[in-house]
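So the sequence lines, in the order shown, correspond to chains D and Z. Take the first sequence: its position 177, counted from the start at 1, is 176 in numbering that gives the first Met the number 0, and no numbers get skipped. Take the second sequence: its position 87, counted from the start at 1, is 86 in numbering that gives the first Met the number 0, and no numbers get skipped. Idealized CB from N, CA, C, for every residue including glycine. Remember, predicted model here, so these are calculated numbers, not experimental data. Everything on this sheet refers to the single structure shown next.
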Amino acid sequence: MRFLDTLSATGRPWALRDGLLIFALLLGAAFAKESPAAEVELIGTGTFKPLPAESLAKLPVNLPFSKTDLASGTWSFQVRYEDRTADSDPDPYVGRYNGAIRALRLTIGATALNLPIDRAELIVSDGGLGFPERESIRMQASVQTALGVLQVSWVQIHQTAQRADLRGAPGLLTSDALPAASLLANLPNNRPFDRFLLVRFDSPSQEQPLLYLSSSQLNVSSRPVTAP
Amino acid sequence: MAPMSYSIRRFAAAIGLMFVALTAGCGGGGDGGGSIVVVVPPPAPITALGIVLTRTGPLTVQVDWTDDPYVTDFTVSRDGYVLASNVTSTTLIDHSVIFDQTYCYLVDGYDSRGNLIAQSDPACITVVP
Chain D
0 MRFLDTLSAT
10 GRPWALRDGL
20 LIFALLLGAA
30 FAKESPAAEV
40 ELIGTGTFKP
50 LPAESLAKLP
60 VNLPFSKTDL
70 ASGTWSFQVR
80 YEDRTADSDP
90 DPYVGRYNGA
100 IRALRLTIGA
110 TALNLPIDRA
120 ELIVSDGGLG
130 FPERESIRMQ
140 ASVQTALGVL
150 QVSWVQIHQT
160 AQRADLRGAP
170 GLLTSDALPA
180 ASLLANLPNN
190 RPFDRFLLVR
200 FDSPSQEQPL
210 LYLSSSQLNV
220 SSRPVTAP
Chain Z
0 MAPMSYSIRR
10 FAAAIGLMFV
20 ALTAGCGGGG
30 DGGGSIVVVV
40 PPPAPITALG
50 IVLTRTGPLT
60 VQVDWTDDPY
70 VTDFTVSRDG
80 YVLASNVTST
90 TLIDHSVIFD
100 QTYCYLVDGY
110 DSRGNLIAQS
120 DPACITVVP
C-alpha cells in the first residue's frame, strides 16, 4: 500500500492499479486453464474382416463375444482418459501415463464389454523403445478371464522409411508428453496400416491366440467429456 | 476371365491406332504418299488392383486383393522379392514375418500370354508386437 501511496503521489495511480488488475486477471485465467484435469473421450468405429466359418467353429463357446458378433465384421471402441496425468517413465523418449485411462469399452457386433482399467496403459514413444525412426501412441487394456487374457489395443505409428531420427523436433511428436487429443485420435502416418485396433485372446495353454482380430478400417474422433 | 474378349479389345485398339497413324500421314500434305506405316499395338493399360493387408495373427499377415476379369494368375511380391507366383486366388497368408519389421507387398496380374495387365499399389505394414 505504501508503494501504491507513493506512486499515487506521482499522479499516476490508475495506471498502476489497472496494470495490477490486468496482471491478476491474466494470472487467474492461466490457473483456471491449467488446474482442472480434463477428461477426453476417444470414439472409434469401423469394420474388420469377419472370421470365416471354419475359424468360428474352432472358437471356444464361452468367449465374451458370440460367433454372431465375430461374424458381423463391425466393431467400435471408446476410451476415456485424463489428459493431465504425469509421465511415470524416466526415459526421455518414452512416456507412460499410468492411471490416465479411466474407461475402455469394446463393442463387437452387438456385444459391449467394459474392460477393467487397473492394467490399462497409455504409452507415447517419441522415437524411443529402440526405434528412433518411429513414433507411436498405444492405448491398451487387458482382462484376465477363466479362458485366458483378452487384450484390446489402439495403436498408431508414424515412421519413416529411411532410418531418420524422429526424436524431438523432427517428428510429429516433439517429446514424450501426452499429445493433444486430436493426435491420440488420428496421428498422421505414411501408411494406412500404421494405425489399427487389435483384439486378441490368449490362452496360457496355447501358443497361438484363440482369437486375433486387427483392422485399420476405423474412423476415430475425440471430444471433451462434459460433467453429467 | 475372358481372354477372347481381351484379344478383341487389343485388336480394336491396334486398328484404331493404325487408322490414326494413316490419317496423320495423309493429312501431312508432304510428298511421302505411299509410304508404309508400321504400327506396333500399344500395351494394354495396366489396371489398378486394390490391396488390403490384415494382421491375422501375431506373426501372420494376410494379403487380399481385388480380382480382374482378364487376369489369369497373380504374383505376390514382398519387398521386391517374389513371395508367390501363379496364384489364382485373391488372397495369400504370409507366415514368414517377424516383429518390428516393415513389409511392403505388391500384387501383379498377368493375362494368359504372360503380359502384365494389372498391378496394385505397394502396401506396407509394420508387425508391431
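Inset, instruction - Determine, using beta carbons only, whether L121 (chain D) and A99 (chain D) come nearer to each other than 8 Å. - result: A contact, by the Cβ cut-off of 8 Å.
Legend entry - Buried or exposed (CB count within 10 angstroms, at least 16 for buried), S87 (chain D): With fewer than 16 other Cβ atoms within 10 Å, it is exposed.
Legend entry - Contact check, Y92 (chain D) vs G45 (chain D), beta carbons under 8 Å: In this structure, G45 (chain D) does not lie closer than 8 Å to Y92 (chain D) by Cβ.
Legend entry - Below-8 Å beta-carbon distance, V154 (chain D) vs any chain Z residue: Cβ-Cβ to chain Z under 8 Å: yes for V154 (chain D).
Legend entry - CB contact below 8 Å: P57 (chain Z) versus chain D: By this cut-off, P57 (chain Z) is an interface position.
Legend entry - Helix, strand or coil at T55 (chain Z) according to DSSP, with G and I counted as helix: Strand, per DSSP.
Inset, instruction - Mark V78 (chain D) as exposed unless 16 or more other C-beta atoms lie within 10 angstroms of its C-beta, in which case mark it buried. - result: Burial call: buried.
Inset, instruction - Evaluate contact between the stretch 127–139 of chain D and the stretch 150–158 of chain D, counting only Cβ atoms and requiring at least three cross-stretch pairs below 8 Å. - result: Counting C-beta pairs closer than 8 Å gives three or more between the stretch 127–139 of chain D and the stretch 150–158 of chain D, which meets the contact rule.
Inset, instruction - Return helix, strand or coil for S111 (chain Z), following the three-state DSSP convention. - result: S111 (chain Z) falls in the coil class under three-state DSSP.
Inset, instruction - Throw me the rounded Cβ distance for the D93 (chain Z) and P128 (chain Z) pair, which I believe falls under 8 Å. - result: Not a contact, Cβ separation roughly 17 Å.
Legend entry - Cβ pair A122 (chain Z), I50 (chain Z) closer than 8 Å: Note that the C-beta distance between A122 (chain Z) and I50 (chain Z) is below 8 Å.
Inset, instruction - Look at the Cβ atom of G43 (chain D), then the Cβ atom of V219 (chain D), and state whether they are nearer than 8 Å. - result: It is a contact, given that the beta carbons lie within the stated cut-off.
Legend entry - Buried or exposed (CB count within 10 angstroms, at least 16 for buried), I97 (chain Z): So I97 (chain Z) counts as exposed.
Inset, instruction - Note down, in chain order, each residue of its chain lying with its Cβ closer than 8 Å to the Cβ of A176 (chain D), except the 5 sequence neighbours on either side. - result: Correct list, in chain order: D86, G94 and V123.
Legend entry - 8 Å Cβ cutoff, K48 (chain D) in contact with chain Z: Contact with chain Z is found for K48 (chain D), since one of that chain's Cβ atoms lies less than 8 Å from the residue's Cβ.
Inset, instruction - Using the Cα positions of G113 (chain Z) and L91 (chain Z), report the straight-line distance between them to the nearest angstrom. - result: Across the structure, G113 (chain Z) and L91 (chain Z) are spaced so that their CA atoms are roughly 21 Å apart.
Inset, instruction - Check each residue of the stretch 177–192 of chain D: if its Cβ is closer than 9 Å to any Cβ of chain Z, include it; give the result in chain order. - result: For chain Z, the residues of the stretch 177–192 of chain D that bring a beta carbon within less than 9 Å of one of its beta carbons are N189, R190, P191 and F192, in chain order.
Legend entry - Cutoff 8 Å; reference S221 (chain D); Cβ partners in own chain excluding five residues on either side: Contacts found: V39, E40, L41, I42, A180, S181, L183 and A184.
Inset, instruction - Output the distance between the C-alpha atoms of T159 (chain D) and F195 (chain D), rounded to the nearest integer angstrom. - result: Each residue's alpha carbon lies about 18 Å from the other.
Inset, instruction - Could you pull the start and end residues of the beta strand (DSSP E) that T46 (chain Z) belongs to? - result: Counting along the chain, the beta strand (DSSP E) containing T46 (chain Z) begins and ends at T46 to L48.
Legend entry - As assigned by DSSP and simplified to three states, the class of E206 (chain D): Under the three-state reduction of DSSP, E206 (chain D) is assigned to coil, being neither helix nor strand.
Inset, instruction - Note down, in chain order, all residues in the stretch 109–128 of chain Z with a beta-carbon under 8 Å from any beta-carbon belonging to chain D. - result: Taking 8 Å as the Cβ-Cβ cut-off, the stretch 109–128 of chain Z approaches chain D at A122, C123, I124, T125 and V127, given in chain order.
Legend entry - Coil, strand or helix - L197 (chain D) by DSSP: In the three-state DSSP reduction, L197 (chain D) falls in the strand class (E or B).
Inset, instruction - Tell me whether R199 (chain D) is buried or exposed, calling it buried when 16 or more other Cβ atoms sit within 10 Å of its Cβ. - result: Label assigned to R199 (chain D): buried.
Inset, instruction - Using a cut-off of 7 Å between C-beta atoms, extract the partners of Y92 (chain D) located in chain Z. - result: In chain order: nothing, as chain Z lies at least about 16 Å away.
Inset, instruction - Compare the beta carbon distance of A163 (chain D) and E134 (chain D) with 8 Å and say whether it is the shorter of the two. - result: Taking the C-beta atoms as reference points, E134 (chain D) is found no nearer than 8 Å to A163 (chain D).
Legend entry - T89 (chain Z) to T55 (chain Z) span [Cα, whole Å]: For the pair T89 (chain Z) and T55 (chain Z), the Cα-to-Cα distance works out to about 16 Å.
Inset, instruction - Say whether chain A places a C-beta atom closer than 8 Å to the C-beta of T65 (chain Z). - result: The structure shown contains no chain A; its protein chains are D and Z.
Inset, instruction - Pull up the DSSP beta-bridge partners for P223 (chain D), would you. - result: The partner list for P223 (chain D) (beta bridge, DSSP) reads D:V39.
Legend entry - Status (buried if at least 16 other CB within 10 Å, exposed otherwise) for A117 (chain Z): Buried, because 16 or more other Cβ atoms sit within 10 Å of the Cβ of A117 (chain Z).
Inset, instruction - Provide the residue span of the beta strand (DSSP E) that contains S75 (chain D), from first to last. - result: For S75 (chain D), the enclosing beta strand (DSSP E) has its first and last residue at T73 to E81.
Legend entry - Within 8 Å, strictly: CB atoms of I236 (chain D) and L69 (chain D): Nothing can be reported for residue 236 (chain D): it is not among the residues displayed for chain D, which extend from 0 to 227.
Inset, instruction - Whole angstroms is fine: what's the gap from A31 (chain D)'s alpha carbon to G167 (chain D)'s? - result: Any answer about A31 (chain D) is weak, because its pLDDT of 46 lies below 50 and its placement is not dependable; what the coordinates show is given next. Near 29 Å, if we compare the C-alpha coordinates of G167 (chain D) and A31 (chain D).
Legend entry - Residue environment, P178 (chain D), which counts as buried when at least 16 other CB atoms sit within 10 Å: Burial is judged here by how many other beta carbons sit within 10 angstroms of a residue's own beta carbon; P178 (chain D) has at least 16 and is buried.
Legend entry - With 16 other Cβ atoms within 10 Å as the buried cut-off, status of D78 (chain Z): With a 10 Å radius around the Cβ and a threshold of 16 neighbouring Cβ atoms, D78 (chain Z) comes out exposed.
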